[in-house]
Every structure is written in C-alpha cells, then in structure tokens.
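Quick note: the sequence shown uses the working numbering, first residue 16, plus one each step.
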Amino acid sequence: MNYELIRKDFPILTKTIYGKYPLVYLDNAATTQKPRQVVEAMTEEYYNVNANVHRGVHFLSQQATELHEGSRETVRKFLNARSASEIVFTRGTTESINLVAQCFSDAFMKEGDEVIVSEMEHHSNIVSWQLQQQRKGIRLRVIPITDDGQLRLDEYEKLFTDRTRIVSVTHVSNVLGTVNPVKEIIRIAHEHGIPVLIDGAQSTPHMKVDVQELDCDFFAFSGHKIYGPTGIGVLYGKEEMLEKLPPYMGGGEMIKNVTFERTTFNELPFKFEAGTPDYVASTGLARALDYVSSVGLDAIEAYERDLTAYAIQRMGEIEDMKIFGPADVSIHDAVISFQVGNIHHLDMGTLLDRLGIAVRTGHHCAEPLMHRLGIEGTCRASFAMYNTREEVDALVAAIKRVRQMF
Ligand code: PLP
C-alpha cells in the first residue's frame with residue numbers, strides 16, 4: 016500500500032497547525048478526512064445533476080436517481096449483501112441502530128423481553144435500547160469484559176433466557192480497539208434462534224466485512240468514518256427481517272398509496288427511507304467505498320495493524336504509560352486509548368493539540384465502559400490508512416514533552 020500516494024488525495028493533511036508539523040491527525044475513529052475523489056464527485060453532482068430523486072420524469076431527476084441507486088448497489092457489493100433492497104440509507108450508525116431498536120421492539124418485544132448488549136458499547140447501542148425500555152419495558156442484559164478489554168464469551172452464553180429477543184454488539188470497540196469475535200457471537204445467538212445486530216462503525220474502515228459470511232441479521236455503519244461525507248450511513252438487514260419490521264418514520268418515499276383511512280407502504284428498502292434522501296451524500300459514500308476498495312481492505316488492514324503494533328510498542332517506551340485494550344495486537348484494531356501517570360486526559364489532549372497533534376479525549380461516548388475501567392476518560396489516538404510511522408514518532412515525542420511539563 017502506497018501511503019504517500021494516498022496522502023496526496025487528502026489535501027487537509029498538508030495543513031500546518033500552530034506552525035508545527037503538518038497536521039498529525041489521529042482522531043480517525045471520530046471521523047476520517049475526505050479524499051478529493053469524494054468531495055469532487057459531490058461538487059460535480061450539485062453543479063451538474065442536482066434534482067430530487069425517484070418518480071421524476073425529467074432528465075436530471077432520472078440521472079440523480081440512477082446515481083443514488085447506483086450508490087446503493089456499490090454499498091451492496093461492499094458488504095456483499097444478497098440484494099440492494101437489503102441496503103437502507105440512514106444518517107449514520109446511530110440512526111441505523113435506533114431504527115432497529117424501535118422497529119424490532121415494536122414488532123417482536125413486549126414488557127420483560129431482553130436485548131443483550133455489551134459493556135463496551137458506544138452510547139448509541141445502549142441509549143437506543145433504553146428508549147425502548149422506557150417505551151415498552153424491555154430489559155438490557157450486559158456481556159461483561161475482561162480487564163484487558165475482551166468480551167467474556169462464557170458469561171455471554173449464560174445471558175440467554177426465554178425472554179431474549181435480540182443481541183446487539185459492536186464489531187470493534189471505539190475505545191479499546193478490541194476486535195470482537197462477532198462470527199462466534201452470531202453463531203451462538205443463532206443457536207438460540209436469536210437475531211444479531213452488529214455495530215460496524217469502527218470495523219468497516221479497517222477490515223473486509225461480508226455480511227453473508229458473518230450471517231448477521233443487521234449491520235450498521237457510518238459514511239463519515241470511512242472517508243465519506245457526514246450525514247449518511249447504512250443499515251443492512253436480511254430481507255426476511257426487514258420485511259417483518261414496521262416502518263420507522265412516516266412521509267414521502269416510504270408509501271405506496273395514502274388515503275385518510277389507510278396507507279400502504281413501499282417495498283424495501285424505501286419503506287424505511289421517509290423523505291428526500293441525501294442523494295448527494297450517497298454518491299460521496301459510494302466514491303469513498305470505491306476508494307477504499309481500490310486500495311484494498313486487506314492491504315489497509317495489514318498496514319494499519321502494523322502501524323498500531325508499532326505505536327503500541329513505541330508508546331510502551333514512555334514512563335507511566337497505560338494503554339487500554341488487548342495486549343494481543345492481532346485483536347487490537349487501529350484505536351489506542353491511553354493515560355500517562357495522573358496527567359488528566361484533557362490536559363494531555365490540549366497540550367498535544369498545541370504541538371500539532373489531534374487526538375480525542377474524554378469518555379468517547381462509552382461512559383459505562385469508563386465506569387468498568389474505573390476511569391473518567393482517556394486520550395485516544397486512532398489511525399487511518401494515511402497515517403505513518405513518522406506521525407507515530409511525532410505523537411510519542413509530543414507525549415514525552417507533555418510528560419516533562421508535569
Ligand atoms: N458506534 C461506534 C462503535 C462508534 O464509534 C460510533 C461513533 O463514534 C457510533 C456508533 C456512532 O456513529 P455516528 O455518530 O456516526 O452515528
């Protein structure tokens with residue numbers, strides 16, 4: 016993988032921050048930077064194609080519709096879904112999970128029924144279910160983690176009861192970098208006849224995902240975390256599952272016929288896509304997926320795993336350094352949460368910023384995980400395919416400088 020060539024496609028990476036290095040951007044788990052190919056495709060569409068999609072008889076509307084539905088097909092191929100009708104465009108992972116939590120619990124859950132989540136979930140995969148707890152009295156059961164941030168599969172198996180209705184877990188932790196054994200998690204759930212939603216926000220940018228191979232029932236991810244635009248994401252659902260769910264929101268696009276007495280709903284996936292979709296963002300997302308596919312996810316994964324292992328090793332040289340998550344780099348994805356002595360994560364992050372290095376600080380939308388780890392927050396460096404060993408060296412040098420200041 017030629018990261019030098021790749022970096023040329025990301026103009027923002029040449030930006031100088033506070034007159035320091037060119038930007039060292041290590042906040043990719045929050046959002047990735049965008050290559051020219053994505054931004055230019057979206058600009059081109061706004062300038063030359065823009066028209067509302069579906070049911071338009073005029074030229075531009077048909078062209079915009081072709082682009083939008085072509086993008087759906089690109090997503091289908093990217094995930095290896097069986098059919099484009101299994102690909103629902105949403106605003107992102109959060110909306111995808113909320114859609115499943117609401118529609119699935121409406122269709123299949125009553126008071127006292129249970130969803131299994133894990134201790135390392137992002138708030139979006141906790142609060143969406145808690146809203147259903149309030150609406151319908153469903154209950155959350157939680158898979159605990161080991162001290163080095165792995166799911167306790169032995170405990171997971173014990174959580175199944177005759178009230179379990181769905182399992183909803185993350186593929187990769189946005190705090191610990193843990194790559195969860197989701198195939199095994201899905202297999203076990205299916206043995207109990209229970210469907211599984213996988214939160215793929217942190218896996219899709221870094222590894223090949225094949226939804227048929229995983230056999231997951233639902234899979235969610237966000238465009239902006241995989242070099243695409245903000246405001247668009249995907250919910251994959253097995254057709255037979257999506258068919259059984261009621262619509263999420265009401266409005267245009269999602270209906271077949273409307274009278275004041277009765278409305279019939281559109282076919283998949285439009286039943287879940289009320290209102291004008293972000294058809295320009297879907298183009299941006301498709302170009303981002305094309306970009307990732309042209310580099311190759313196997314090459315990206317190998318490169319980033321090597322970079323992460325290098326970073327863990329180099330950061331380990333720093334006195335008082337604590338790195339969270341699995342020590343085994345084969346299951347530690349491109350996210351490193353750390354803490355140095357008793358330097359507050361906010362102080363560390365702010366000073367690193369002054370040295371030109373962007374990391375994230377805080378609870379990373381995973382407060383229950385912070386409670387489990389007995390901390391308030393961490394500093395988090397997260398990598399993308401354009402990051403380099405030189406940037407890791409710059410991070411290490413900057414952390415050492417900050418440490419000396421305290
Ligand atoms: N799930 C995980 C694991 C995440 O890391 C994130 C974002 O950080 C989300 C869900 C929510 O993604 P979005 O804000 O794009 O909806």
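Even for Gly, the Cβ is constructed at its ideal location relative to N, Cα and C.
Asked                                                                                                                                    : Found
Near the ligand PLP: aspartate 42 beta-carbon under 8 Å from a heavy atom                                                                : no
Beta-bridge pairing of proline 37 - partner residues as DSSP gives them                                                                  : Thr31
Identity of the residues DSSP links to isoleucine 158 by a beta bridge                                                                   : Ser133
Supposed contact pair valine 182 and asparagine 195 - C-beta distance, whole angstroms, cut 8 Å                                          : Contact flag wrong, Cβ pair sits at about 11 Å.
Residues of its chain near isoleucine 270, where Cβ-Cβ distance is below 8 Å and the 5 sequence neighbours each way are ignored          : Thr278, Thr279, Phe280, Asn281
Host beta strand (DSSP E) of lysine 337 (start-end)                                                                                      : 336-338
Phenylalanine 236 to threonine 161 span [Cα, whole Å]                                                                                    : 26 Å
Straight-line gap, threonine 47 to methionine 400 (C-alpha atoms, nearest Å)                                                             : 10 Å
Top-ranked residue by Cα proximity to proline 261, from Leu367, Tyr242, Val115                                                           : Val115
Contact check, alanine 373 vs aspartate 42, beta carbons under 9 Å                                                                       : yes
Validate contact between the region 90-105 and the region 339-350 using beta carbons, cut 8 Å, 3 pairs                                   : no
Proximity below 9 Å, CB of valine 53 to CB of valine 249                                                                                 : no
Which of helix, strand or coil DSSP assigns to glycine 192                                                                               : coil
Residue from Asp335, Gly371, Ser397, His379 whose Cα sits closest to the Cα of phenylalanine 421                                         : Asp335
Neighbour-count burial assignment, isoleucine 27, 16 or more Cβ in a 10 Å radius                                                         : exposed
Status (buried if at least 16 other CB within 10 Å, exposed otherwise) for glycine 127                                                   : exposed
Selected residue, minimal CA-CA separation from glycine 364, among Tyr18, Asn67, Leu20, Tyr40                                            : Tyr40
Identity of the residues DSSP links to cysteine 394 by a beta bridge                                                                     : Phe353, Thr376
At least three beta-carbon pairs within less than 8 Å, the region 314-328 to the region 396-411                                          : yes
Threonine 29 versus alanine 409 - alpha carbon distance                                                                                  : 15 Å
CB of lysine 198 within 9 Å of CB of glutamine 217, strictly                                                                             : no
Closer than 8 Å: alanine 12 CB and nearest the ligand PLP heavy atom                                                                     : Since the first and last residues shown for the chain are 16 and 421, residue 12 lies out of range.
Where the beta strand (DSSP E) containing tyrosine 251 begins and where it ends                                                          : 248-252
DSSP three-state assignment for aspartate 42, whether helix, strand or coil                                                              : strand
Nearest-angstrom Cβ-Cβ length linking histidine 69 and glutamate 268, presumed shorter than 8 Å                                          : 6 Å
Residue environment, aspartate 169, which counts as buried when at least 16 other CB atoms sit within 10 Å                               : exposed
Exposure label - phenylalanine 149; buried when at least 16 CB within 10 Å                                                               : Looking at the sequence shown, residue 149 is not phenylalanine but glutamine. Result: exposed.
Contacts around threonine 298, its chain only, beta-carbon distance under 7 Å, and the 5 residues preceding and following it disregarded : Ala56, Met57, Glu60, Leu82, Ser86
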